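In our numbering, the protein residues as written are 855 to 1149.
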């Protein structure tokens, strides 16, 4: 489960490496140049992603099921079973909030650092890259921890608290002190890793031994986070004013709210939900959480 978050961090770092290369090749002198930059980032990302997709499907061999009798031992679990579990709603809400924190802030941070903080064009790639580098390092450290319910809740609380602090700092940070964004990016990266890794761990704790019904859990939670993030970004963008390049912006901007204050509010909600969690460690599935990834 923790390898999933580790792989996401690697993919994100690759994306920002592409962005940094594009910004170095194509200089943004006018608004049309910015459009061209992001267009090339999209083209290159899609092309590289398709290449890896082909390699995955050609190079990955799926093992055949040797014994069908083993697959029939456990009855299939109805999707209605999960709706009768309080933990399902708690984990779903926490996973949705974690995705909202990371996705909303990362979607708007490029506009925040260049428009609100008046940083140079390279900051659009450097600041997010710092965030993901820190997340990558913290994810590796977390993968070596022996997990239990207490540590899951504790580290999720730490991550959400860090986001509350850093989000408020981002919201009130003046453009004259934009260099403070670099240490703040490190804190945000650490908080992102703590929040995402622990919520993915909560998904595994929710599923437990009910593997025949886990597809609904992972699918429904993934669908929920994509719908919620799409709605949140749509609402935020609807309040964005059309501004010309280089125009001075005030403190009450969508990018400032979306990068700092709103994710902090989501983090506060996650703290409230986390305080109500009741997890059990006395299951064979919970013992699997203690196995490290890097062996």
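Ideal Cβ positions, reconstructed from N, Cα and C, are used throughout, including at glycine. Computed from a prediction, not measured in an experiment: that's the story for all the values here.
Residue burial is scored here from C-beta neighbours: residue 905 has fewer than 16 other C-beta atoms within 10 angstroms and is therefore classed as exposed. Of the candidates 1036, 1025, 866, 1131, the residue whose Cα lies closest to the Cα of residue 1003 is 1131.
The three-state reading of DSSP puts residue 932 in coil, since its state is none of H, G, I, E or B.
Here residue 1130 carries a coil assignment [DSSP, helix/strand/coil]. For residue 1034 and residue 1069, the gap between their C-alpha atoms comes out near 43 Å.
Of the candidates 1040, 961, 977, 893, 1040 places its Cα closest to the Cα of residue 1019.
For residue 1072, the enclosing alpha helix (DSSP H) covers residues 1068 to 1092. Going by DSSP, residue 907 is part of the alpha helix (DSSP H) stretching over 885 to 913. About 34 Å separates the Cβ atoms of residue 932 and residue 1087, ruling out a contact at the 8 Å cut-off.
Taking the CA atoms as reference points, residue 963 sits about 32 Å from residue 1001. The continuous stretches of alpha helix (DSSP H) do not include residue 1028, and DSSP gives it neither H nor E. In the three-state scheme derived from DSSP, where H, G and I count as helix and E and B as strand, residue 998 is classed as coil. With a contact defined as Cβ atoms closer than 8 Å, residue 1042 and residue 985 qualify at about 5 Å. Per DSSP, the continuous alpha helix (DSSP H) segment holding residue 1052 begins and ends at 1035 to 1061. For the pair residue 870 and residue 982, the CB atoms are nearer than the 7 Å cut-off. Looking from the CA of residue 1113, the closest CA among 1126, 1124, 1091 belongs to 1091. Its Cα nearest to that of residue 959, the residue 1046 stands out among 995, 1037, 1046, 889. The three-state reading of DSSP puts residue 882 in coil, since its state is none of H, G, I, E or B.
Here the alpha carbons of residue 880 and residue 1013 stand approximately 37 Å from one another. Following the DSSP letters along the chain, one finds residue 957 inside the alpha helix (DSSP H) bounded by residues 940 to 965. For residue 951 and residue 910, the gap between their C-alpha atoms comes out near 31 Å.
In the structure shown, residue 971 adopts coil according to DSSP, grouped into three states. Residue burial is scored here from C-beta neighbours: residue 988 has at least 16 other C-beta atoms within 10 angstroms and is therefore classed as buried. Distance between residue 1067 and residue 1053, taken at the CA atoms: about 19 Å. In the three-state reduction of the DSSP assignment, residue 1111 falls in the helix class, which pools H, G and I. Here the alpha carbon of residue 997 sits roughly 33 Å from the alpha carbon of residue 876.
In this structure, DSSP gives residue 866 a helical state, which the three-state scheme calls helix. Residues 951 of the same chain have their beta carbon placed closer than 7 Å to that of residue 1123, with the five preceding and five following residues left out of the count. Segment contact: the segment 1074 to 1084 against the segment 968 to 980, fewer than three CB-CB distances shorter than 8 Å; contact not assigned.
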